[in-house]
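Beneath this line is the structure, given in structure tokens, with notes to follow.
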Amino acid sequence: MNFASDNAGPAHPSVWEAMARADRGHATPYGNDDLTRDVANRLRDLIGLPDAAVALVTTGTAANSLALACLCPPWGRIYCAREAHIEVDELGAPEAFIGGGKLTLLDTEDGRFTPDTLRHAIASAQSGIHANVPAVVSLTNLSEAGTLWPLADIAEVVEIAHGAGLKVHLDGARLANAIAAADYDLRDLFATGLDAVVFGGTKNGLPGVEAVILRNGGKQLELEQRRKRFGHLLSKHRYLAAQMDAYLTDGLWRDLATRANAAAAKLSQGLQRKGATLLHPVQGNEVFCALPRAIHRALNAGGAAYYLIPDASLDGPEDAMLGARLVCNWSTDEDEIEAFLALL
1 MNFASDNAGP AHPSVWEAMA RADRGHATPY GNDDLTRDVA NRLRDLIGLP DAAVALVTTG
61 TAANSLALAC LCPPWGRIYC AREAHIEVDE LGAPEAFIGG GKLTLLDTED GRFTPDTLRH
121 AIASAQSGIH ANVPAVVSLT NLSEAGTLWP LADIAEVVEI AHGAGLKVHL DGARLANAIA
181 AADYDLRDLF ATGLDAVVFG GTKNGLPGVE AVILRNGGKQ LELEQRRKRF GHLLSKHRYL
241 AAQMDAYLTD GLWRDLATRA NAAAAKLSQG LQRKGATLLH PVQGNEVFCA LPRAIHRALN
301 AGGAAYYLIP DASLDGPEDA MLGARLVCNW STDEDEIEAF LALL
């Protein structure tokens, strides 16, 4: 009963098969192989931008940091949600890759800031040579609360940002889950005008690969040079490409995300029947709920794995309500959910 993270789930068998095929014989290293070029072009086709800059890396932190470094000058300011991954989970990597930069945190409700919050933040930024210059807005979809950014809302954020001369980055570690839940495609997403998107695979059935996509194809060389400089260019790059190749084939990425979302919906329904309080709407593959500490303690003793949100101790008053995050992945099955609910 592991609901700790979709990172904890297994890779899909077809991905291992694709990697085994890529392992036959020799291939030009450092991303100069045919498979890597083909995967990049397939991504460009999917988003409807034949000239987009594309690069594969192994981690979401590297993907976000490289994308932001290509959009933000060292003296720039990045607006993001207060709980955004680039703020609380990446140890200052974006700022390190940028060579400066400053994150400005926006208050949210259910993981999303409002257009008015963004407008006010941009309008109130100090001007002149003594303060960081507004440069980028960063979104996360699914948000850190597991909620969706509808296309219309993304488009509104882009309009606000572009109107003020800012670029827009989207952290898409769980983008497949967001797209599957909202039922649109990657072309629709890029039609909003986003400048940089991370198309994640590691949380959705891949061993470890993320695609960095920049609308401005003129950034291709810069993106590749930054990737190399920060140690994220693999010599045997074909193994990253093989993962993404399997991910894109027959819509596997959407299918796996749909499975994870369905599991989370079933889990949340069961939790509510058992009396748990949902902390955020369940719109993807994450469930945030509150239960008494005594229940968390019993679930933990019974072998259930998940995180308390925020990090809290199981020691203390038994009736204290503690929040939890439970995450489903593509392999989460009905038996696992039923076993958890029976234990609850």
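Count the sequence shown with our numbering and you get residues 1 to 344, in order.
Idealized CB from N, CA, C, for every residue including glycine.
- I129 is classed as exposed because its beta carbon has fewer than 16 other beta carbons within 10 Å across all chains shown.
- Look at V198 here: in three-state DSSP terms it is strand.
- Within the model, the alpha-carbon separation for L326 versus Y307 is close to 7 Å.
- By the neighbour-count definition (other C-beta atoms within 10 Å, threshold 16), L175 is a buried residue.
- Here G172 is near F199, since their CB atoms are less than 7 Å apart.
- Here A257 has A176, N177, A180 and N204 as same chain residues with Cβ atoms under 6 Å from its own Cβ, once five neighbours each way along the sequence are excluded.
- Ranked by how close their Cα comes to the Cα of T108, the residues V136, L148 and E90 have L148 in first place.
- Under the DSSP assignment, R325 falls in the beta strand (DSSP E) whose first and last residues are M321 to V327.
- When Cβ pairs closer than 8 Å are counted between the two stretches, the segment 286-296 is seen not to touch the segment 207-218, the count staying below three.
- The beta carbon of L68 sits closer than 8 Å to those of I78, I86, P94, F97, I98, G101, V136, S138, H169 and A196, all from its chain and outside the five residues before and after it, given in chain order.
- For D153, the three-state secondary structure derived from DSSP is helix.
- Nearest neighbour of A63 by Cα position, chosen from H280, R273, E210 and A260, turns out to be E210.
- Here the alpha carbon of G76 sits roughly 18 Å from the alpha carbon of L194.
- By the criterion of at least three beta-carbon pairs nearer than 8 Å, the segment 48-67 is not in contact with the segment 110-123.
- Looking at V158, A145, N141 and E90, the one whose alpha-carbon comes closest to that of I122 is V158.
- Separation of A11 and L206 (C-alpha to C-alpha, rounded to the nearest whole angstrom) is 5 Å.
- Apart from the 5 residues on each side of it in sequence, A27 sits with its Cβ closer than 6 Å to the Cβ of D33 and R238 in its chain, given in chain order.
- Selection Q283, A246 and L71 evaluated against A260 yields Q283 as nearest (Cα-Cα).
- Scanning its chain for C-beta atoms nearer than 7 Å, with the 5 sequence neighbours on each side dropped, one finds around A145 the residues D110, G111, H280 and F288, in chain order.
- Distance from the Cα of T61 is smallest, within the candidate group G231, E318 and Q243, for G231.
- When C-alpha distances from C72 are compared across S5, A312, K167 and Q126, the shortest belongs to K167.
- In the three-state DSSP reduction, C72 falls in the coil class, being neither helix nor strand.
- Boundaries of the beta strand (DSSP E) around D171: K167 to D171.
- In the assembly as shown, T202 is a buried residue. Its beta-carbon has 16 or more other beta-carbons within 10 Å.
- For I78, the pairing in a beta bridge is given by DSSP as L103 and V136.
- If only uninterrupted alpha helix (DSSP H) runs of at least 4 residues are considered, those enclosed by the segment 9-63 are 13-22 and 34-47.
- Here the C-alpha atom of N7 lies approximately 15 Å from the C-alpha atom of A264.
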